[in-house]
Amino acid sequence: MEKSVARVLYGQGTSLNLTSRKIKAVPECVFRIKKLSVLQLNNNSISALPAELRSLRRLAELHLGNNALKELPAVLGHLESLKKLYLFSNQITVVAPEVMGGLHNLVVLNLNHNQIQRLPPEIRSLHGLQHLSLLDNQLEEVPAELGQLTSLTELNLTSNNLSGLPQQLYQCEELTKLYLARNKLTSLPEFHLLPLRELHCEGNRFVRCEPMSAVQDAEVLSLKELVARFVLLEDRIRSSLVHRMLPHYPALTALAAAGSCCELCLNPFLTTWLECVHFISPKKDMKMTSVRVVPVRALLCSYKCLNTQGHSYYGIATR
698 MEKSVARVLY GQGTSLNLTS RKIKAVPECV FRIKKLSVLQ LNNNSISALP
748 AELRSLRRLA ELHLGNNALK ELPAVLGHLE SLKKLYLFSN QITVVAPEVM
798 GGLHNLVVLN LNHNQIQRLP PEIRSLHGLQ HLSLLDNQLE EVPAELGQLT
848 SLTELNLTSN NLSGLPQQLY QCEELTKLYL ARNKLTSLPE FHLLPLRELH
898 CEGNRFVRCE PMSAVQDAEV LSLKELVARF VLLEDRIRSS LVHRMLPHYP
948 ALTALAAAGS CCELCLNPFL TTWLECVHFI SPKKDMKMTS VRVVPVRALL
998 CSYKCLNTQG HSYYGIATR
């Protein structure tokens, strides 16, 4: 090991490989290599990182996979030049907010095969992050702040305990690869709003029940709903009196803004009457080849629309 460090130190090298050396701590002589940009420490028994690591101001790539870390060491938050951080196969359970807040230039973050249960909202500080991987952890949810990672192109959340995803994920306008296999998801956000090329979502709970007959209640709309539908419909006509007067009634304007549109007849409504699902082919509709069909949520305004012929919308039953 000393020879490797000396070779880099006196040869003015910028990369040091100490993989599989059975070391339990980063050697002090490493901190003398001020020009070091790549440090590989995979497959060792390192359980902590010393504060002296912050002296490596040019360090851009740090490999700490398959070690004995139980949390993200605080010193990582001071490595402002760091672009790639690999922490797979450790024993990490906690992702400290202060560490996330200091990694502004990070492009790749690999936390695969750990025991992480949650991510802090401070993950929004990783403005330049492009690849985030948390394969095989214990995540039960991901923060809405994930949507602020607008440079994100690849997100891997395979093999966790996720039962839902934040709607803010739509804001990741560069996201092209999304891995969600083997979770506890029962539905997906309207992912067709994203520029996805790959979507992996096998092994979830999207369709768990056999088809069953619909039990239809009488369609008795409240006076509020009837009025709201009339106002919403009239508001579409620019020459109508309702459209011209609506801006003078803020409460009514706010009410109208909460309305939805029927997927079949395209008429507006206020209160969701029927929540349905239809299945699309990513290969056909989105030019993706990773999955055959995926369910997409849809809202209908009445049983009358549901009972019309020629559509492919299915009602969602609860038991």
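Our numbering puts the first residue of the sequence shown at 698, with every later residue one more than the last. Don't be surprised by glycine CBs; every beta carbon is placed ideally from N, CA and C. Being a predicted model, the structure only gives us computed values, none of them experimental.
Query                                                                                                                           : Result
Enclosing alpha helix (DSSP H) for Y946 [first to last residue]                                                                 : Note, Y946: premise wrong, no alpha helix (DSSP H); not H, not E.
Touching by the beta-carbon criterion (3+ pairs, under 8 Å), the stretch 850 to 857 and the stretch 957 to 976                  : no
P820, buried or exposed, once every other Cβ within 10 Å from all chains shown has been counted against 16                      : A small fix is needed here, since residue 820 is Ile in this sequence, not Pro. The residue is buried, with at least 16 neighbouring Cβ atoms inside 10 Å.
Euclidean distance between Cα positions of Y946 and L829                                                                        : 46 Å
Close Cβ partners of P840 (< 6 Å) along its chain, the five nearest in sequence each way excluded                               : L816 and P818
Identified DSSP bridge partners for L852                                                                                        : L829 and L875
Inter-residue spacing [alpha-carbon to alpha-carbon] between L862 and L929                                                      : 30 Å
Counterpart residues of P840 in DSSP-defined beta bridges                                                                       : The partner list for P840 (beta bridge, DSSP) is empty, contrary to what the question assumes.
Candidates K731, T711, A995 and I743, of which the one nearest S717 by Cα                                                       : I743
Pick from C1002, Q788 and L753 that is closest to N763, judged by C-alpha positions                                             : Q788
Three-state class that DSSP yields for E758 in the structure shown                                                              : strand
Three-way DSSP call (helix, strand, coil) for A745 in this model                                                                : coil
Rounded C-alpha distance that separates T883 from L836                                                                          : 16 Å
Own chain, CB closer than 8 Å to A745, minus 5 neighbours either side, in chain order                                           : A722, L766 and P770
Integer Cβ distance of L996 from S937, believed to fall under 8 Å                                                               : At roughly 24 Å, the Cβ-Cβ gap does not stay under 8 Å, so L996 and S937 are not in contact.
Contacts around N807, its chain only, beta-carbon distance under 6 Å, and the 5 residues preceding and following it disregarded : Y783, F785 and S830
CB of E887 within 8 Å of CB of R994, strictly                                                                                   : yes
Cβ-Cβ distance between G799 and E777 below 8 Å                                                                                  : yes
Short Cβ contact (8 Å threshold) for H824 with H801                                                                             : yes
CB contact flag (C973, G1012, <8 Å)                                                                                             : yes
Per DSSP, cross-strand counterpart(s) of G1012                                                                                  : C973
Backbone CA spacing between L803 and K780 [nearest angstrom]                                                                    : 4 Å
Nearest-angstrom Cα separation, counted from N809 out to G900                                                                   : 18 Å
Continuous alpha helix (DSSP H) stretch holding L782: start and end                                                             : First-last for L782: K781 to Y783, but that is the beta strand (DSSP E), not the alpha helix (DSSP H).
Beta carbon of G844 nearer than 8 Å to that of Q865                                                                             : yes
Given L893 as reference, the closest of A878, R902, K874 and L885 once Cα atoms are compared                                    : K874
Span of the beta strand (DSSP E), counted from its first residue to its last, around P794                                       : Premise fails: P794 lies in the alpha helix (DSSP H), P794 to M797, not in any beta strand (DSSP E).
Range of the contiguous alpha helix (DSSP H) that encloses A925                                                                 : L920 to D932
N- and C-terminal bounds of the alpha helix (DSSP H) containing L1003                                                           : Y1000 to L1003
Buried or exposed (CB count within 10 angstroms, at least 16 for buried), S712                                                  : exposed
Candidates V772, Y1010 and C898, of which the one nearest P794 by Cα                                                            : V772
Supposed contact pair L753 and L738 - C-beta distance, whole angstroms, cut 8 Å                                                 : Between L753 and L738 the Cβ distance is about 12 Å, and since that is not below 8 Å, they are no contact.
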